[in-house]
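K.L.:
Under my numbering, the first residue of the sequence shown carries the number 1003, and numbering increases by one thereafter.
Heads up, the beta-carbon is just placed ideally off N, CA and C, and yes, glycines get one too.
As the structure is a computational prediction, the values presented were derived from the model and not from experiment.
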Amino acid sequence: ISRTAVAHYLLDRATATLPLQIRCDSVSLGWLRAPEVGYMRVYDSEHEVLLELRRLTLGRPLWRLLRNPYDLGRIELQQPVLHVRLRPGGSNLEDLIHRLPRTQDSSSAVWQGEIAIQDGTLAVSDTLSDRCRRLTDWQAQLQLPAVGQGPVSFRTSLKAENQPDPSTLAAD
């Protein structure tokens, strides 16, 4: 379904309950191989780009995702750019998180898997001061184990760009 209206239809259906819109240049699906999305853009409820990335690859073939949609395997985001816009009292990212649907059922299934960010950029702009900072070479790994199988873990590192003394931040 690469580069067809079917790809946009499927993305719209998959995100119908979310306060965002996803567009992409290509989608590659197959029963026996992992789905892949080429040049993807995620727009927030204000129709501003929140995330863009060169490629997103899911770690499970389509048949396994349909059998168990909560076990995502390894999701790779290649060269993502996350656009965070700060303003007094919050940010566009916080707005999105607050608008995500919540479940009241504590027995509902929870996603499990791993999310890996490779060679990303965090672009932070401040609407009050009209300044923008870019943090580059962003690498991250988020582990989401099955319920009761261990703690969630997160590792990340990135570099401050265009600073008098460039530095690297790493966190576990």
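#1: Give the DSSP-derived three-state secondary structure of residue 1065 in the structure shown.
#2: Comparing alpha-carbon positions, which option in 1112, 1146, 1162, 1150 lies nearest residue 1156?
#3: Are there 16 or more other CB atoms within 10 angstroms of the CB of residue 1154, so buried, or fewer, so exposed?
#4: So residue 1062 and residue 1041 are in contact, right, with Cβ under 8 Å, and what is the actual spacing, rounded?
#5: Distance check for residue 1044 and residue 1069, CA to CA, integer angstroms please.
#6: Can the beta-carbon of residue 1137 be found less than 7 Å from the beta-carbon of residue 1160?
#7: Would you please state the rounded distance, in angstroms, between the beta carbons of residue 1060 and residue 1037? I believe it to be under 8 Å.
#8: With a CB to CB cut of under 8 Å and the five nearest residues on each side skipped, what residues in its chain are close to residue 1134?
P.N.:
To lay it out plainly:
#1: helix
#2: 1146
#3: exposed
#4: With a Cβ gap of about 22 Å, residue 1062 and residue 1041 do not count as contacting.
#5: 26 Å
#6: yes
#7: 5 Å
#8: 1125, 1126, 1127, 1128
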